[in-house]
Amino acid sequence: MKFFIDTADIEEIRKAKAMGMVDGVTTNPSLIAKTGQDFDTCLKEIVATVDGPISAEVLGTDSETMVAEAKKLVMYGENVNVKIPMTVPGMVAVKKLTDLGIKTNVTLVFSPNQAILAAKAGASFVSPFVGRLDDIGHVGMDLVDEILQIFDNYAFTTEVIVASIRNPIHVKEAALMGAHISTIPFKVIQQLAKHPLTDIGIKRFEEDWQKVPT
Ligand code: E4P
8 MKFFIDTADI EEIRKAKAMG MVDGVTTNPS LIAKTGQDFD TCLKEIVATV DGPISAEVLG
68 TDSETMVAEA KKLVMYGENV NVKIPMTVPG MVAVKKLTDL GIKTNVTLVF SPNQAILAAK
128 AGASFVSPFV GRLDDIGHVG MDLVDEILQI FDNYAFTTEV IVASIRNPIH VKEAALMGAH
188 ISTIPFKVIQ QLAKHPLTDI GIKRFEEDWQ KVPT
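Residue numbers for the sequence shown follow the working numbering, beginning at 8 and rising by one.
Following this line, the structure appears as structure tokens:
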């Protein structure tokens with residue numbers, strides 16, 4: 008499973024990259040706002056740091072505006088793909104951009120039928136938001152399971168990015184289901200490394216080493 012980092016914070020991206028955990032990056036308007044930087048500086052820094060796919064989101068709501076924004080976004084780097092919200096105008100934009108050879112990531116996906124539309128429109132990636140479904144009492148990972156089964160049934164090539172990840176259980180379940188990609192906040196990447204028995208084991212080895220005669 009590929010690991011994308013779900014952040015626009017360049018320091019977090021650098022730290023996760025040093026661990027070998029950055030196969031790509033997903034950003035959104037909220038994550039850009041959180042950095043306190045302007046969009047241009049922020050995206051330029053990410054493009055200069057990461058070789059894999061980088062998602063940058065449009066803000067327009069009609070297909071013409073989305074396509075125009077997308078054309079500007081891909082000028083930042085050949086690995087930039089365009090995040091398009093799952094709407095009817097969004098699908099028109101995805102179809103147009105696909106025909107132009109521009110890669111898209113359909114975002115804010117909350118149902119299997121939305122994912123089918125994204126794949127049929129030609130999206131390179133589809134992003135089901137599991138945490139936000141959990142937040143309203145649904146099991147977000149069930150959506151991922153269903154999308155993966157549907158894409159397998161019809162050999163769709165659209166890759167599934169498990170998004171809105173909140174905890175290590177989401178990551179484990181995504182891997183067990185065979186999701187192509189998880190986009191993970193930096194805090195959760197750090198949590199994946201932690202286990203109390205590992206910490207206890209290190210402490211015990213250090214204590215025992217003190218008893219070795221010199
Ligand atoms: C995905 O591409 C989104 O940026 C992200 O996963 C949204 O996560 P949130 O629900 O924690 O805001």
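Virtual Cβ for every residue (Gly too), placed ideally from N, Cα, C. Here the structure is a predicted model, which is why all the values come from computation and not from measurement.
- Contact between the segment 148-155 and the segment 93-112 is absent, with fewer than three C-beta pairs closer than 8 angstroms.
- Leaving aside the five residues that flank Lys90 on each side, the residues in its chain whose CB is nearer than 6 angstroms to its CB run, in chain order, Ser62, Glu64, Asn112, Thr114.
- The alpha-carbon separation between Glu52 and Ser131 amounts to approximately 23 angstroms.
- For the ligand E4P, a non-hydrogen atom lies closer than 8 angstroms to the CB of Phe136.
- The three-state secondary structure of Thr33, taken from DSSP, is strand.
- In the DSSP assignment, Glu166 falls within the unbroken beta strand (DSSP E) covering 166-169.
- Taking the CA atoms as reference points, Thr94 sits about 14 angstroms from Val74.
- When DSSP assignments are scanned along the segment 174-209, the uninterrupted stretches of alpha helix (DSSP H) that are 4 or more residues long and fall wholly within it turn out to be 175-184, 193-200.
- Within the segment 30-97, the runs of alpha helix (DSSP H) that reach at least 4 residues and sit entirely inside it are, in chain order, 36-42, 46-56, 70-80.
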